[in-house]
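With our numbering applied, the sequence shown corresponds to residues 644 to 884, in that order.
Notes for the one structure printed next.
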Amino acid sequence: MNAVEGRRLYKTYGELVAVDHIDFDVRERECFGFLGPNGAGKTTTMKMIYGLAGVDEGELRVLGLDARKERRKVKSRLGVVPQEANLDWDLTVRENLVQQALYYGAQADGRIDELLALAQLGQRSASKPRELSGGMQRRLLIARALINQPELIVLDEPTTGLDPQARLAVWDLLDGLKDGGVTLILTTHYMEEAERICDRLAIMDQGKIVAYGSPGELRDRYGQPNLEGVFIEITGRGLRE
Ligand SMILES: Nc1ncnc2c1ncn2[C@@H]1O[C@H](COP(=O)(O)OP(=O)(O)OP(=O)(O)O)[C@@H](O)[C@H]1O
Ligand SMILES: [Mg+2]
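Quick look at the structure:
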């Protein structure tokens, strides 16, 4: 079974077509990436998957559920790392996790220590999120997304703005989750990130999926040494133009 299936998925904001009839499958236990420039529709697609944005047209199945009809059920079974760090800034690191556990009615105590260790934040549990570095905040967001032991985690730009070392720490964390059998869906602007951690990906541009496959397949299909080349080959532009 696929973890997520999108068919002719479509969403507008007023006149603007944010996601334009896209088709994709995310396989169980893989790391799937949505890669693309600003405004491509990556976040909108993620929000539809995790139930924050409604689907205008098309079909969307998440963990075997109809995401259009069972948004609450879907939400309870996945973990989300949003594009903006939406931590509770008045609470400590540990309290942020406790709060999330309460929200899900999850068993808190042992689990929280486990997650703090996983995110390498054990020493910082009494800090406020603002006292953490950007990389630590990102790891806290990931730890928080794991509280309900989700089978699927959706991460919107988990490494944007991080320095190379902090990015490596996040990649290690994500590798570990994948080894543990979790399905990952993430968005990124970084081609090298997609090449490094995604098993398969969809390159989006202006609401459409313009290329779809494993990094190796895409490089071969378009005869390019890397995904940057693939994107330029398809769109005639660089990813950052
Ligand atoms: N709440 C909203 N109201 C109106 N328009 C929106 C809204 N959210 C997104 N859009 C528009 O939809 C389009 C797709 O936006 P989206 O946030 O999905 O892009 P993205 O690929 O995540 O971009 P970025 O890389 O900058 O995060 C953009 O043109 C954006 O302006
Ligand atoms: Mg976005």
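Glycine included, each C-beta is placed from N, C-alpha and C at the ideal position.
So for residue i, helix, strand or coil by DSSP?
i, result
"G859", "helix"
"Y656", "strand"
"M847", "strand"
"R672", "coil"
"E648", "strand"
"G881", "coil"
"I790", "coil"
"D663", "strand"
I want to check one thing, is the minimum distance from the CB of residue i to the heavy atoms of ligand 3 below 8 Å?
i, result
"H832", "Ligand 3 is absent from the structure shown, which contains only ligand 1 and ligand 2."
So residue i is in the beta strand (DSSP E); what residue range does that whole segment cover?
i, result
"E700", "700-705"
"L798", "795-799"
"G722", "721-724"
Tell me where the alpha helix (DSSP H) around residue i begins and ends.
i, result
"T687", "685-692"
Between the beta-carbon of residue i and the beta-carbon of residue j, is there less than 9 Å?
i, j, result
"A744", "I755", "yes"
"F675", "L816", "no"
"E593", "V669", "Past the boundaries of the shown model lies residue 593; the chain is included only from 644 to 884, so the question cannot be answered."
"V797", "V724", "yes"
"D848", "G701", "no"
"Q780", "A728", "yes"
"L740", "A696", "no"
"F874", "G881", "yes"
"T878", "E836", "no"
"F677", "M689", "yes"
"L726", "T830", "In the sequence as presented, Leu is not what sits at residue 726; that position holds Gln. Contact flag set, yes."
Against chain C, with Cβ distances strictly below 9 Å, would residue i count as a contact?
i, result
"G866", "Absent here is chain C; the protein component of the structure consists of one chain."
Sort out for me which residues DSSP pairs residue i with in a bridge.
i, result
"T831", "L678"
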